[in-house]
Amino acid sequence: MEDNYIDIKHLSFAYDQRRPILKDISLTIPRRKVVAVMGGSGSGKTTLLRNICGQEKPQKNCGAIRVMGRDMMNIGRNDLYELRKKIGMLFQFGGLFSDMSVFDNVAFPLREHTQLSPEVINDIVLLKLQAVGLRGSAKLYPSELSGGMARRVALARAVVMDPQLILYDEPFAGLDPISLAITARLIRELNDALNATSIIVTHDIAESFQIVDYVYLMWQGDIVAQGTPAEMENSSLPYVRQFVDAKTDGPLPFHQPALPLGEEFQIGTALPHRNF
Amino acid sequence: MAPEVNKSASNRRDFTWHGAVRRLGWPLVEALFNIGLGTRFALMVLARSGLAWRRPRLVMLHLKHIGVYTLVIILVAGLFIGFVLGLQFYTLLERYGQQDLLSVGVALTLFRELGPVAAGLLFVGCACTSITAAIGLKKASEQIAAMEVMAVDPLARELAPRLLAGMIALPLLTVYFDIVGVLGSYLITVQQIGLDEGTFWAGIKGQVGFYEDFMQGIYKSIFFGFITVMIALYEGYFCVPTAEGVARATTRTVIKGSLAVLGANFVFTAFMVH
Ligand SMILES: Nc1ncnc2c1ncn2[C@@H]1O[C@H](COP(=O)(O)OP(=O)(O)O)[C@@H](O)[C@H]1O
Ligand SMILES: [Mg+2]
């Protein structure tokens, strides 16, 4: 129990009560592990991360979330902010501050939360930027970066406070193969150096299977499979085979839930009317 | 799930009596809800403005953004309004041979009403729109969320400094507007038409009070700065986080901000004049 850094039990969540996004999810993540959450787009991976860092709160009686021993369902504002100082998050779309340079973006958490001198902040920031290969771009603004560069800056910012829990939302999207391999290794090394716990949301099977300890496969709000990378590779579960081998047909539907096609196109109704 | 959507769409064609009540009642409920939400939001931002004094650099930065960029249009507009005020007062007073009172009329009009209101309206168009757009875009691009997740309160870091900057900037801009307006009427009536320069300045000195007249307008403008920036922040913070959402929020800022300036001005004047 103590060692389960994140403990989610029977979590259900919906932004809008008519459309459940997470359906009765349970997962545990032990300390010091790097865990991948995979699954099709729209299956609720980002939503899961948002629940873990308290950006979204499920309704009462919709399960339990414990993060670093704190009950996220009943956490107060001040406690939540204290907890978040120990969490680093890489946003799916970067979330870089457009009015600050790369350097100031990475320095932001240090300046807000620590009393470090400008010289020390300078050193820490440049080290982190060096680690993601962007020390030379410290003076650029986010609008002057490519998607992959912005993502790496966001990564540097996410880990600049040496967090104990790091959430990466699609850290590999838009990276070239070389940056991808380096970033993947960096995520693992950071986790081990900081004694942290990491969750990576990703679609990249080849690279992430090499660095993670455990994999959860989500599909449309359910966890349909889980296991170590080796177990996943050798699994005979049709879900896993379809995802890992990228097969177009199998039990995982490509389409989001929708009305039957015939009904949508109003085939068979005498007088078609629409609400435009 | 999908049939639910169809049902709510067909509510629009619901002509039963309870459908009618619902159509009438809903905007009322929504308006009350928004007033409540807005008040709560305003209190939350205000509660954090004390902290913003500890970030004077941020307040200065926003002061520069919203103050300096509005200054040019304030100066130009003030000058032109001063011109036409001078001309209109001249044609009016000349009929009665009372040109001596011209500078007093111009100054009182400007200081008490036109200065704060015109500066407020220009401020809404220049500064408040940019505040709404900036906050809305920060929300749309996850910058607000990123800040929250980094345990930094966006209300304290982004919103409160802008509010303070607005409440400092608008009174200062109003002072500029007043001064340039008087100068404009001086240029037109004394330099062009040839009224007596001594009478012009002596009128203002003798008849226009610093506290009763000039400061009355400045007090108004402090409140206008508060209410317009608060509207701008509210619209930006609660906008739909998309390009269209930010666009619509900006329009709403202009509408609500302008109406707030005009409405509040009337209330102020009614109380001050008795
Ligand atoms: N803020 C939101 N409001 C309403 N629905 C949302 C919101 N964010 C995401 N969704 C919906 O939740 C589902 C899961 O989204 P998300 O968690 O972002 O998926 P993923 O990250 O796995 O691609 C999607 O169907 C999306 O339409
Ligand atoms: Mg996502």
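So the sequence lines, in the order shown, correspond to chains G and P.
Once you know that position 157 of the first sequence is 162 in the numbering used here, the rest is easy, because the numbers rise by one and skip nothing.
Once you know that position 122 of the second sequence is 563 in the numbering used here, the rest is easy, because the numbers rise by one and skip nothing.
Yeah, the Cβ is synthetic: ideal placement off N, Cα and C, and Gly gets one too.
_Where the beta strand (DSSP E) through A587 of chain P begins and ends_ = Taking the first residue of the second sequence as 1, we reach residue 587 of chain P at position 146. Run containing A587 of chain P: none in the beta strand (DSSP E); it sits in the alpha helix (DSSP H), Q584 to V590.
*Under the rule that 16 or more other beta-carbon atoms within 10 Å means buried, what is F281 of chain G, buried or exposed?*
Looking up residue 281 of chain G in the first sequence gives position 276. The predicted model places F281 of chain G with a pLDDT of 46, which falls under 50 and marks its position as unreliable; any figure quoted below should be read in that light. With fewer than 16 Cβ atoms within 10 Å of its Cβ, F281 of chain G is classed as exposed.
*asked:* Rounded to the nearest angstrom, what separates Y660 of chain P and P612 of chain P at their Cα positions?
replied: Locating residue 660 of chain P in the second sequence gives position 219, counting from the first residue. Locating residue 612 of chain P in the second sequence gives position 171, counting from the first residue. So the alpha carbons of these two residues sit roughly 8 angstroms apart.
_Rounded C-alpha distance that separates W642 of chain P from A518 of chain P_ = Against the second sequence, residue 642 of chain P aligns to sequence position 201. Against the second sequence, residue 518 of chain P aligns to sequence position 77. Approximately 22 angstroms between the Cα atoms of the pair.
*Excluding sequence positions up to five away, which residues of its chain have a Cβ less than 6 angstroms from the Cβ of P682 of chain P?*
Sequence index remark: in the second sequence, residue 682 of chain P carries index 241 (1-based). The answer, listed in chain order, is K580 and A581.
*With DSSP run on the structure shown, which of helix, strand or coil describes S96 of chain G?*
The count along the first sequence starts at 1 and reaches residue 96 of chain G at position 91. Correcting the residue identity first, residue 96 of chain G is Phe in this sequence and not Ser. Strand.
*Whole angstroms is fine: what's the gap from P595 of chain P's alpha carbon to R689 of chain P's?*
Sequence index remark: in the second sequence, residue 595 of chain P carries index 154 (1-based). Sequence index remark: in the second sequence, residue 689 of chain P carries index 248 (1-based). Between P595 of chain P and R689 of chain P, the C-alpha separation is close to 22 angstroms.
*Is Q225 of chain G helix, strand or coil when you go by DSSP?*
Counted from its first residue, the first sequence places residue 225 of chain G at position 220. Residue state, collapsed to three classes: coil.
*Applying the criterion that 16 or more other CB atoms from any shown protein chain within 10 Å of the CB defines a buried residue, is Y10 of chain G buried or exposed?*
Start at 1 with the first residue of the first sequence, and residue 10 of chain G comes out as number 5. Y10 of chain G should be labelled buried.
*Could you say which of G:P234, G:I183, G:D227 and G:H208 lies nearest to V220 of chain G if we only look at CA atoms?*
On the first sequence, residue 220 of chain G is found 215 positions in, with the first residue counted as 1. Nearest C-alpha to V220 of chain G: G:P234.
*Indicate the three-state DSSP secondary structure (helix, strand or coil) for P166 of chain G in the structure shown.*
Numbered from 1 along the first sequence, position 161 holds the residue referred to as residue 166 of chain G. Looking at the sequence itself, residue 166 of chain G is Met, so the reference to Pro does not match. Residue state, collapsed to three classes: coil.
*Mind pulling the chain P residues with CB within less than 7 angstroms of P5 of chain G?*
Summary: the structure shown does not reach residue 5 of chain G, with chain G confined to residues 6 through 281, and so no result is reported for it.
*asked:* With the cut-off set at 8 angstroms, would you say A178 of chain G and S213 of chain G are in Cβ contact?
replied: Residue mapping note: residue 178 of chain G aligns to position 173 of the first sequence, counting from 1. Residue mapping note: residue 213 of chain G aligns to position 208 of the first sequence, counting from 1. Going by C-beta atoms, A178 of chain G is not nearer than 8 angstroms to S213 of chain G.
_Nearest-angstrom Cα separation, counted from A472 of chain P out to A483 of chain P_ = Start at 1 with the first residue of the second sequence, and residue 483 of chain P comes out as number 42. Start at 1 with the first residue of the second sequence, and residue 472 of chain P comes out as number 31. Approximately 16 angstroms between the Cα atoms of the pair.
*Report buried or exposed for H15 of chain G, applying the criterion of at least 16 other Cβ atoms within 10 angstroms of its Cβ.*
Against the first sequence, residue 15 of chain G aligns to sequence position 10. Counting Cβ neighbours within 10 Å, H15 of chain G comes out exposed, since fewer than 16 surround it.
_Taking the alpha helix (DSSP H) that I572 of chain P belongs to, which residues open and close that run?_
Within the second sequence, the letter at position 131 stands for residue 572 of chain P. Its alpha helix (DSSP H) spans residues T570 to A581.
*Does the segment 160-172 of chain G touch the segment 109-120 of chain G, meaning 3 or more C-beta pairs lie closer than 8 angstroms?*
yes
*Given F456 of chain P, which residues of its chain have a CB within under 6 angstroms of its CB, disregarding the five upstream and five downstream residues?*
For the purposes of this step, residue 456 of chain P is taken as residue 15 along the second sequence, with counting starting at 1. For F456 of chain P, where only same-chain residues beyond five positions count, there are no Cβ hits under 6 angstroms.
_Check this for me: beta carbons of T511 of chain P and L578 of chain P, under 8 angstroms apart or not?_
One-based indexing of the second sequence puts residue 511 of chain P at position 70. One-based indexing of the second sequence puts residue 578 of chain P at position 137. No, the Cβ-Cβ distance between T511 of chain P and L578 of chain P is not below 8 angstroms.
*Contacts that A488 of chain P makes with chain G (C-beta to C-beta distance below 9 angstroms)*: The sequence position of residue 488 of chain P within the second sequence is 47, counting from 1. Neighbours of A488 of chain P on chain G: none; closest Cβ ~13 angstroms, over 9 angstroms.
*Supposed close pair R37 of chain G, N200 of chain G - CB separation, criterion 8 angstroms*: Working through the first sequence from its first residue, we reach residue 37 of chain G at position 32. Working through the first sequence from its first residue, we reach residue 200 of chain G at position 195. Indeed they touch by this definition, with Cβ atoms about 6 angstroms apart.
*Mind checking if S148 of chain G is an interface residue toward chain P, Cβ cutoff 8 angstroms exclusive?*
Position 143 of the first sequence, counted from the start, is the residue given in the question as residue 148 of chain G. Judged by the 8 angstroms Cβ criterion, S148 of chain G is not in contact with chain P.
*Alpha carbon to alpha carbon, how far is Q261 of chain G from E268 of chain G? Give it in angstroms, no decimals.*
By one-based count along the first sequence, residue 268 of chain G stands at place 263. By one-based count along the first sequence, residue 261 of chain G stands at place 256. Whole-angstrom Cα-Cα distance: 16 angstroms.
*Chain-ordered list of residues that sit, by beta carbon, closer than 5 angstroms to a heavy atom of ligand 1*: G:Y20, G:I26, G:S46, G:G47, G:S48, G:G49, G:K50, G:T51 and G:T52
_With H, G and I counted as helix, E and B as strand and the rest as coil, what does DSSP make of G650 of chain P?_
Numbered from its first residue, the second sequence carries residue 650 of chain P at position 209. It is coil, neither helix nor strand.
*Taking buried to mean at least 16 other C-beta atoms within 10 Å of its own C-beta, is S122 of chain G buried or exposed?*
In the first sequence, residue 122 of chain G corresponds to position 117, counting from 1. Exposed, because fewer than 16 other Cβ atoms sit within 10 Å of the Cβ of S122 of chain G.
*What span of residues does the alpha helix (DSSP H) with A461 of chain P cover, start to end?*
Here the question's residue 461 of chain P lines up with position 20 in the second sequence. Taken as a continuous stretch (DSSP letters only), the alpha helix (DSSP H) holding A461 of chain P covers W458 to A493.
_Assuming contact is defined by CB atoms lying nearer than 8 angstroms, are I668 of chain P and S544 of chain P in contact in what I supplied?_
Taking the first residue of the second sequence as position 1, residue 668 of chain P is located at position 227. Taking the first residue of the second sequence as position 1, residue 544 of chain P is located at position 103. For I668 of chain P and S544 of chain P, no; Cβs fall outside 8 angstroms.
*Ends of the alpha helix (DSSP H) at A518 of chain P?*
Along the second sequence, read from residue 1 onward, the residue named residue 518 of chain P stands at position 77. Here the alpha helix (DSSP H) through A518 of chain P covers Y510 to Y537.
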